[in-house]
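Engineer:
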Amino acid sequence: DWLWWAGSLTMGGGEAANFAAYAFAAATIVTPLGALSVLISAILSSYLLGERLNLLGKLGCMLSIVGSTVLVIHAPEEEEITTLGELLSKLKEPGFLVYASILLVISLVLICFLAPRYGQTNILIYLSICSVIGAFSVSSVKGLGIAIKSFFTHLPVLQNPLTWILVFTLVVSITTQINYLNKALDIFNTSMVFPIYYVLFTTVVITTSVILFKEWVTMSVIDIIGTV
1 DWLWWAGSLT
11 MGGGEAANFA
21 AYAFAAATIV
31 TPLGALSVLI
41 SAILSSYLLG
51 ERLNLLGKLG
61 CMLSIVGSTV
71 LVIHAPEEEE
81 ITTLGELLSK
91 LKEPGFLVYA
101 SILLVISLVL
111 ICFLAPRYGQ
121 TNILIYLSIC
131 SVIGAFSVSS
141 VKGLGIAIKS
151 FFTHLPVLQN
161 PLTWILVFTL
171 VVSITTQINY
181 LNKALDIFNT
191 SMVFPIYYVL
201 FTTVVITTSV
211 ILFKEWVTMS
221 VIDIIGTV
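Each residue of the sequence shown is one higher than the last, beginning at 1 in our numbering.
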């Protein structure tokens with residue numbers, strides 16, 4: 001079916017571009033720009049899938065765009081990390097280890113206990129799983145971007161265990177995200193799924209980036225208020 005192939009190739013191209021964006025730009029800038037996908041998905045689902053987009057849905061899309069614009073304007077500057085060794089030192093800091101452990105526990109509770117009971121009726125369950133797991137996928141993409149750039153400068157990244165840990169984490173996290181996002185799309189309205197997912201995902205990813213790279217240190221009070 002040519003339509004299926006066209007959709008698959010388009011999605012693959014979009015994800016490749018998204019990967020490149022996370023590799024070369026700060027996550028606090030790339031993630032909020034996903035508001036465009038919220039707007040486009042809501043409009044296309046209304047026209048192509050016949051899903052009704054009510055006034056509250058339209059208002060939610062507009063608020064997502066306004067919020068992302070404010071967030072990009074006040075986004076903190078990400079600390080420049082050029083090697084896997086520098087990234088590893090960040091990942092091993094106690095604050096991030098505690099934060100990552102909390103996210104992992106939340107993910108397991110959602111997947112093992114809440115999803116089987118309430119996933120079919122509560123839209124937040126599946127989307128919360130996707131968003132929390134998204135913290136690991138974005139961090140892995142960021143690390144693999146550093147690995148790819150280091151590879152082209154002839155550094156021995158393939159011999160570094162961190163490279164393969166990042167690959168494994170990325171594969172597992174993306175597979176989990178796609179699985180639960182598809183479940184949410186099968187049950188709930190597309191125009192509801194994407195705005196909620198965007199807000200949750202953006203919140204978790206930016207929080208992860210701030211904790212991992214300690215971005216609040218260089219932020220002014222106005223920028224902190226704008227980001228919040």
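Backbone N, C-alpha and C define an ideal beta-carbon position, used for all residues, glycine too.
Going straight from the alpha carbon of V30 to that of L59, what length do you get?
Structural biologist: By 1-based counting over the sequence shown, the position of residue 30 is 30. By 1-based counting over the sequence shown, the position of residue 59 is 59. Those two C-alpha atoms are separated by around 23 angstroms.
Engineer: Identify every run of the alpha helix (DSSP H) within the segment 61–144, keeping only runs that are complete inside it and at least 4 residues long; order them along the chain.
Structural biologist: 84–91, 94–109, 115–118
Engineer: Is it the case that the Cβ atoms of F201 and G95 are separated by a distance below 8 angstroms?
Structural biologist: Translated into positions along the sequence shown, residue 201 becomes position 201. Translated into positions along the sequence shown, residue 95 becomes position 95. Against a cut-off of 8 angstroms, the Cβ pair of G95 and F201 comes out as no contact.
Engineer: Just how far apart, CA to CA, sit A21 and T208?
Structural biologist: Stepping through the sequence shown from its first residue, residue 21 is reached at position 21. Stepping through the sequence shown from its first residue, residue 208 is reached at position 208. Those two C-alpha atoms are separated by around 17 angstroms.
Engineer: If the criterion is Cβ atoms closer than 8 angstroms, does the pair F194 and S46 meet it?
Structural biologist: If you number the sequence shown from 1, residue 194 lands on position 194. If you number the sequence shown from 1, residue 46 lands on position 46. No. Outside cutoff.
Engineer: Comparing C-alpha positions only, which one of V132, G119, Y126, N122 sits nearest to V105?
Structural biologist: Reading the sequence shown from its first residue, position 105 is the one you call residue 105. The residue with the shortest Cα to Cα distance from V105 is V132.
Engineer: Report buried or exposed for C112, applying the criterion of at least 16 other Cβ atoms within 10 angstroms of its Cβ.
Structural biologist: Taking the first residue of the sequence shown as 1, we reach residue 112 at position 112. It is exposed - the Cβ of C112 has fewer than 16 other Cβ atoms within 10 Å.
Engineer: So which of L56, L63, I146, M62 has the shortest CA-CA distance to G85?
Structural biologist: For this step, residue 85 is matched to residue 85 along the sequence shown. Residue I146 is the option with its Cα nearest to G85.
Engineer: From F136, G143, Q159, S173, pick the residue whose C-alpha is nearest to that of V204; which is it?
Structural biologist: Residue 204 sits at position 204 when you count from the first residue of the sequence shown. Checking every option, the nearest Cα to that of V204 belongs to F136.
Engineer: Could you spell out where the alpha helix (DSSP H) holding F188 opens and where it closes?
Structural biologist: Here the question's residue 188 lines up with position 188 in the sequence shown. From DSSP, F188 is part of no alpha helix (DSSP H); its letter is neither H nor E.
Engineer: Please confirm if the segment 114–127 is in contact with the segment 185–199, defined as three or more CB-CB distances below 8 angstroms between the two stretches.
Structural biologist: By the C-beta criterion, the segment 114–127 is judged to be in contact with the segment 185–199, since at least 3 inter-stretch pairs fall below 8 angstroms.
Engineer: So for K149, helix, strand or coil by DSSP?
Structural biologist: Residue 149 sits at position 149 when you count from the first residue of the sequence shown. Residue state, collapsed to three classes: helix.
Engineer: Using the C-alpha atoms, what's the distance from V172 back to K90?
Structural biologist: The residue you call residue 90 lines up with position 90 of the sequence shown. The residue you call residue 172 lines up with position 172 of the sequence shown. For K90 and V172, the gap between their C-alpha atoms comes out near 22 angstroms.
Engineer: Using a Cβ-Cβ cut-off of 8 angstroms, state whether I43 counts as contacting chain C.
Structural biologist: In the structure shown, chain C cannot be found, because there is only a single protein chain.
Engineer: How big is the Cα-Cα spacing for G67 and Q159?
Structural biologist: Reading the sequence shown from its first residue, position 67 is the one you call residue 67. Reading the sequence shown from its first residue, position 159 is the one you call residue 159. Using only the alpha carbons, I get a separation of about 42 angstroms.
Engineer: Do V141 and A26 come within 8 angstroms of each other at the CB atom, strictly closer than that value?
Structural biologist: Looking up residue 26 in the sequence shown gives position 26. Looking up residue 141 in the sequence shown gives position 141. No, the pair does not count as a contact, with Cβ atoms beyond the cut-off.
Engineer: In this structure, how does DSSP classify P156 when only helix, strand and coil are distinguished?
Structural biologist: If you number the sequence shown from 1, residue 156 lands on position 156. Coil, per DSSP.
Engineer: Roughly how many whole angstroms lie between the Cα atoms of I65 and N182?
Structural biologist: For the purposes of this step, residue 65 is identified with residue 65 of the sequence shown, where counting begins at 1. For the purposes of this step, residue 182 is identified with residue 182 of the sequence shown, where counting begins at 1. Those two C-alpha atoms are separated by around 24 angstroms.
Engineer: G143: which of Q120, A100, V167, I43 sits nearest, CA to CA?
Structural biologist: By 1-based counting over the sequence shown, the position of residue 143 is 143. For G143, the nearest C-alpha among the options comes from V167.
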